[in-house]
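Enquirer:
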């Protein structure tokens, strides 16, 4: 026991007394372990976060799935489609049928008429810039705040407003509930969990690589010490324990740092909102078993890496013996991973429908990971391809061919990260392009749909209300459904003035009293009079002089052969038949996002229950992902750079004697330095070429899967590649320049 | 030659009787083998003839040994020349061992054995010197060291010769 | 009196290079045996085999009746801690530890408490004239002082055999002599045997007897066997 303690203590001792090398080593290992620990603890907290969110979402669930509840101690609720700067707002209008009716969680009392309880985030948005525009969507007085148990997360935009008239709209946007806590129909499912865990685990790969590089740093010095200790009577296991004791110091620091990092991330958790997902710090709690597994796992990983560091190295009393790395440049097993990856992706590449997402995900992962074994094969192949060159290249290529694994080790991480980044950046760039272009440049930017019948004058007035917003033109039509039970594509009778109809179909000329048909000429149509089930209603004669027209915009995709009537031609439509919807199509010459807020406000003022649809995206959905990716890539590359830095320094140390001899026999310093530089650059360049190819391929696949037209964006490919190359070069030069002096000094030779 | 020069050196320090000269020589150089009285006078006679010393009658009871010897200018110059001129390396050990090695090779006996016997003899002497040196004072140590360094040099020659014996045998037998 | 350490018929090759062809070595308790020979003759390999640091290709090494080749790494390591001491040319001290900690290290590895180990170590430091260097690190010591620390460390465990491989190889003659004097006295006082590998006959002259290794073969010029 005392011996074990002595050996571990000796390891601690060696860790602390290692001088500058030792300090760098500890700092690197500790920071790698810290980042890894924090990431794992966050991953361990994801289930708790999702559970908490899920249970809160369920507690307020009001979706009765269409079932009718008899009035009693009940509440009438209506869901409001609202949005703000691309985020959904969960709006509920409600009015109790009786005192003592159930209240949604987080709300202390029913709000009175035109009063509301709002979430803190919504209150902040109302008080923030342009809050007046937002207020038009919810013209209610804030009387209180929704408590945390009524919100899915701290950044959620939500309100409950008192609105007595919802009782008049039962079945037409409002419904009755006898409790809150109906199971949510929109199950969150495992998707976010798998996504976040995948991201965190992917983050772990470079961390493990960094950890490996940090643990490798300065091992040759340590191994010599251990050999000296072997000589005076330490056995194999004692040496291992001493090395473990040494790595434990750094791992311990790292664990402490990781917990601190986790706690500070947890503190700030409430400030983050990614794709409408935000969490309360209190919900960020690791699952105890997983937290324990994290600590044990990190310790085990670090110990395993320390032990693995002795692979192929034998610490003997007489010195350190490295088994000559017998490089077997076999290709076949390196191809297993990429072939498997391509096989998994094959259906997606062919564009077959209904490819399971996890299959594709696994394929992408395999393809990215397959870069790791391919690179060490590629590099000596490149070195063989270019056999001629100056002496410096000859030296470098010889070393690359002899020890490709060692030469490429540090670069592999960069290559994988760059390939992944290129794939995603390419995809985001293409998606962003599509968002800017929009599907149909001629179509409306927004479509607002109301229920209830409207006179032609009222419809014109409604359009005018929207047109008060600058840069906007609007047209309002009433849509009646045609009774035709066998037909899956609904046909419509669409009534509106010429201006409005010209948004629905391409009309050559139009005057009040004109009628048009799309599809084919017809005599009459039967209107649908049913509610949820179709039933034949009034029969309308189509005017003889109806001309042919072609549907455009969203109608082209959503409507079958239809009849278009101007008000004067629509007298045959009985006034007691309700249109399915009264649609207002809105065009704008401005950025849709710039006017969306105001238009939503107008719509809400006309009818709080209006259905507001953005046909052009108000915001770039992938923009936050894109910037998150950029930040992630920067962090990743930074970590890799540190790893590379350590690796180049360590390799330089290993090769110092050879380089010194070269200098001694009269090689110019520039030759020696260039040989080391080339030895570092060649793997980087070959790796990045490979990464660009694989990344672009994966990007194309992603575009194809998301039905985004395949196109390549030069900055998206060259950006990450250039960042990777620049970083690798800068790192190498940073190590090499100061080292150029001592590396070529010959006076230290005899001590080696 | 060496004895003659040391006598001159002693006289340069102080003019003295022949008898005192012998005692001084014995004290400084002749520890193990005192010089014979006759040798001193033979040497002095030669020096006198060569003009390196002069004789002055001494005081006292007029015995045969009452002459005082004194160094001349030429004598001082001669001492200087002797000190300035490096000695020829001593030859005899190598020449006799060389003769043995060659003889062994010519007669088909083991020359290595000759060398090994010699090296053990040398080492034995060195062990003895090392023991003596470790019990003596500084002067003893320095004297022993001198012998040790010489023996060490011989041993190196032996070691070196041993490594080229094969080649040497080829040349000798040709 | 029979020999404490016997090596017989040792053969060792590194690849195609034969380091030892047929080498013997016998060491009786308390005696100092020199191993001489030209560089590359295999004298260091002989020492390494005799100390169990290298496994010979053929031949037998027997220490106090045990065949070293039969011992596990653990047992051989324990032997190095308790029965053997080592003084090499250089590179044997742990630079991170102070001189006294270096000397105490074999005892610490053997489970002796820190206080007891360092007390014994300090005693040896004193004896080798290093009393004021206890807290210095190897980098702050001269070559001769480092070798004296190594000698102290070789002796601290009360070894039966000290293996010294060119202990003065990196020192000038005065420092070398000092180290040899101290090693010689200490070994004779404690009754430890010394296997002294050297190419320097002045160092070999400290021995009671010597053997010569030439082309991987050993022989005893005095004919003592």
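Protein chains in written order, with the working numbering: chain A, 707 to 1458; chain B, 1006 to 1179; chain C, 4 to 228. The C-beta atom is built at its ideal place from N, Cα and C for all residues, glycine as well.
In its own chain, which residues sit with a C-beta less than 6 Å from the C-beta of residue 1223 (chain A), not counting the 5 before and 5 after it?
Expert: 1252, 1269
Enquirer: So is residue 1135 (chain B) in contact with chain C if we call contact Cβ pairs under 8 Å?
Expert: yes
Enquirer: Is residue 793 (chain A) helix, strand or coil when you go by DSSP?
Expert: strand
Enquirer: Could you pull the DSSP bridge partners for residue 863 (chain A) from this structure?
Expert: A:795
Enquirer: Round the Cβ separation of residue 953 (chain A) and residue 932 (chain A) to the nearest angstrom and send it over; I've been treating them as touching at under 8 Å.
Expert: About 13 Å separates the two Cβ atoms, so there is no contact after all.
Enquirer: Please tell me whether residue 1172 (chain B) has its Cβ less than 8 Å away from any Cβ of chain C.
Expert: no
Enquirer: Tell me the residue span of the alpha helix (DSSP H) that contains residue 221 (chain C).
Expert: First-last for residue 221 (chain C): 220 to 222, but that is the beta strand (DSSP E), not the alpha helix (DSSP H).
Enquirer: Given a limit of 9 Å on CB to CB distance, which residues of the segment 68 to 100 of chain C reach chain A?
Expert: 75, 76, 77, 78, 79, 80, 81, 82, 83, 84, 85, 87, 88, 89, 91, 93, 94, 95, 96, 97, 98, 99, 100
Enquirer: Does any C-beta atom of chain A lie closer than 8 Å to the C-beta of residue 156 (chain C)?
Expert: The beta-carbon of residue 156 (chain C) is placed less than 8 Å from the nearest beta-carbon of chain A.
Enquirer: Give the range of the alpha helix (DSSP H) segment to which residue 1079 (chain A) is assigned.
Expert: It spans 1077 to 1091 - the alpha helix (DSSP H) in which residue 1079 (chain A) sits, taken as one unbroken run.
Enquirer: Which residues of chain B have a Cβ atom closer than 7 Å to the Cβ of residue 213 (chain C), listed in chain order?
Expert: 1128
Enquirer: Chain A partners of residue 57 (chain C), CB-CB under 8 Å?
Expert: Within 8 Å Cβ-Cβ: 1024.
Enquirer: Which complete alpha helix (DSSP H) runs does the segment 172 to 196 of chain C hold, if anything under 4 residues is left out?
Expert: Correct list: 176 to 193.
Enquirer: Do the segment 125 to 143 of chain C and the segment 748 to 755 of chain A make contact, defined as three or more Cβ pairs closer than 8 Å?
Expert: Contact between the segment 125 to 143 of chain C and the segment 748 to 755 of chain A is absent, because fewer than three Cβ pairs lie under 8 Å.
Enquirer: Run the CB neighbour count on residue 1038 (chain A), radius 10 Å, all protein chains shown included, and call it buried at 16 or more, exposed below.
Expert: exposed
Enquirer: Answer yes or no: does any C-beta atom of chain C fall closer than 8 Å to that of residue 1142 (chain B)?
Expert: no
Enquirer: Does residue 169 (chain C) come out as helix, strand or coil in the three-state DSSP assignment?
Expert: Reduced to three states, the DSSP call for residue 169 (chain C) is coil.
Enquirer: How far does the beta strand (DSSP E) with residue 1289 (chain A) in it reach, from first residue to last?
Expert: Its beta strand (DSSP E) spans residues 1287 to 1294.
Enquirer: Kindly say whether residue 926 (chain A), judged by its beta-carbon, lies nearer than 8 Å to any beta-carbon of chain C.
Expert: no
Enquirer: So residue 111 (chain C) contacts chain A; which residues on that side make the cut at Cβ distance below 7 Å?
Expert: 712
Enquirer: Can you list, in chain order, the residues of the segment 190 to 219 of chain C whose Cβ is nearer than 8 Å to any Cβ on chain B?
Expert: 203, 204, 205, 207, 208, 209, 210, 211, 213, 215, 217
Enquirer: Report the CB separation of residue 1175 (chain A) from residue 1210 (chain A) in whole angstroms; it is logged as a contact under 8 Å.
Expert: Contact doesn't hold; Cβ gap of about 21 Å is too wide.
Enquirer: Quick one, which residues of the segment 1151 to 1169 of chain B are near chain C if we go by CB-CB under 8 Å, in chain order?
Expert: Under the 8 Å Cβ criterion, the segment 1151 to 1169 of chain B contributes 1153, 1154, 1156, 1157, 1160, 1161, 1164, 1167, 1168.
Enquirer: Run through chain C and tell me which residues come within less than 8 Å of residue 745 (chain A), C-beta to C-beta.
Expert: Simply none; closest approach about 33 Å.
Enquirer: For residue 1013 (chain B), does the count of other Cβ atoms within 10 angstroms reach 16, so buried, or fall short, so exposed?
Expert: buried
Enquirer: Taking C-alpha atoms, which residue in A:875, A:1255, A:993, A:1197 lies nearest to residue 1208 (chain A)?
Expert: Selection A:875, A:1255, A:993, A:1197 evaluated against residue 1208 (chain A) yields A:1255 as nearest (Cα-Cα).
Enquirer: Only counting the same chain, and skipping five residues up and downstream in sequence, which positions put a Cβ closer than 8 Å to that of residue 224 (chain C)?
Expert: Here the set comprises 213, 214, 215.
Enquirer: Return the CA-CA distance between residue 1407 (chain A) and residue 1056 (chain A), expressed in angstroms with no decimal places.
Expert: 9 Å
Enquirer: Which residues bound the beta strand (DSSP E) around residue 15 (chain C)?
Expert: 8 to 17
Enquirer: What residue from B:1021, B:1132, B:1028, B:1081 has the CA that sits closest to residue 1010 (chain B)'s CA?
Expert: When each option's Cα is compared against that of residue 1010 (chain B), the closest is B:1081.
Enquirer: So, is residue 1078 (chain B) buried or exposed, given that buried needs 16 or more other C-beta atoms within 10 angstroms?
Expert: exposed
Enquirer: Does the segment 1038 to 1047 of chain A touch the segment 958 to 972 of chain A, meaning 3 or more C-beta pairs lie closer than 8 Å?
Expert: No, the segment 958 to 972 of chain A does not touch the segment 1038 to 1047 of chain A.
Enquirer: Based on the DSSP secondary-structure assignment, which residues constitute the bridge partners of residue 1075 (chain B)?
Expert: B:1059
Enquirer: Are there 16 or more other CB atoms within 10 angstroms of the CB of residue 1460 (chain A), so buried, or fewer, so exposed?
Expert: Residue coverage of chain A in this structure runs from 707 to 1458, which leaves residue 1460 (chain A) outside it and unanswerable.
Enquirer: Thinking just about the alpha-carbon of each residue, which of A:781, A:787, A:1000, A:794 is nearest to the one in residue 745 (chain A)?
Expert: A:1000
Enquirer: Does the segment 846 to 864 of chain A come close enough to the segment 823 to 831 of chain A to have 3 or more Cβ pairs within less than 8 Å?
Expert: Result yes; three or more Cβ-Cβ pairs closer than 8 Å.
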